[in-house]
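Beneath this line is the structure, given in structure tokens, with notes to follow.
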Amino acid sequence: AAGYNTSNYTNLSAAASVVRGVFKSVNFQGLEGVQGPYRLTGNENEEFVIILAGTERVYINGQLVQRGEDGDYIIDYGLGEIYFTNNLLIKDETRIVVEYEYIDQNFNRTLVAAQGE
Numbered sequence: 764a765a766g767y768n769t770s771n772y773t774n775l776s777a778a779a780s781v782v783r784g785v786f787k788s789v790n791f792q793g794l795e796g797v798q799g800p801y802r803l804t805g806n807e808n809e810e811f812v813i814i815l816a817g818t819e820r821v822y823i824n825g826q827l828v829q830r831g832e833d834g835d836y837i838i839d840y841g842l843g844e845i846y847f848t849n850n851l852l853i854k855d856e857t858r859i860v861v862e863y864e865y866i867d868q869n870f871n872r873t874l875v876a877a878q879g880e
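End of the sequence shown = 880 in the working numbering, gap-free, step of one.
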């Protein structure tokens, strides 16, 4: 966010944030009638990772599917779990690929802020 005021005085503010996630792609078969949850893990099979919102791409049988309650899946970013809606019934032969970035316990973060008047 940034702002600038050109009246008799100067008011300037700025902020920045950087979060670096770790990329992972998982490929697994569905379980007949099980819409979820399917747990997404880290590269070292860490069970409790935080998925970075909006970084996921989900493919069912090679087709990219859409997130949302009216779409094909719902993802709980904080728990690292994915659920498939009734729009997309999961069977034993369903091939699921999920690509995502996650944060582990050693993640990098940067926050910079400034303000002036």
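Note that CB positions come from ideal geometry on N, CA and C, so glycine has one too. Since we're looking at a predicted model, the values are computed, not measured.
Rounded to the nearest angstrom, the gap between the Cα atoms of Val812 and Val789 is 14 Å. Rounded to whole angstroms, Leu842 and Ile814 show a C-alpha spacing of 8 Å. About 4 Å separates the beta carbons of Glu819 and Tyr863, which is inside the 8 Å limit, making them a contact pair. Rounded to the nearest whole angstrom, the CA to CA distance from Glu856 to Ile866 is 30 Å. Looking at the DSSP output, Phe847 bridges to Tyr836.
Within the same chain, and ignoring the five residues on either side of Phe791 in sequence, the residues whose Cβ sits closer than 6 Å to its Cβ are Ile859.
Looking at Leu851, Val828, Val821 and Val785, the one whose alpha-carbon comes closest to that of Asn806 is Val785. By the CB criterion at 8 Å, Gly799 and Lys854 fall outside the cutoff. Residue state for Val860 is assigned as strand, using DSSP reduced to three classes. Under DSSP, the beta-bridge partners assigned to Ile823 are Gln826 and Ile859. When DSSP states are grouped into helix, strand and coil, Lys854 belongs to the coil group.
Cβ atoms of Thr804 and Glu810 come within 8 Å of each other, at about 6 Å.
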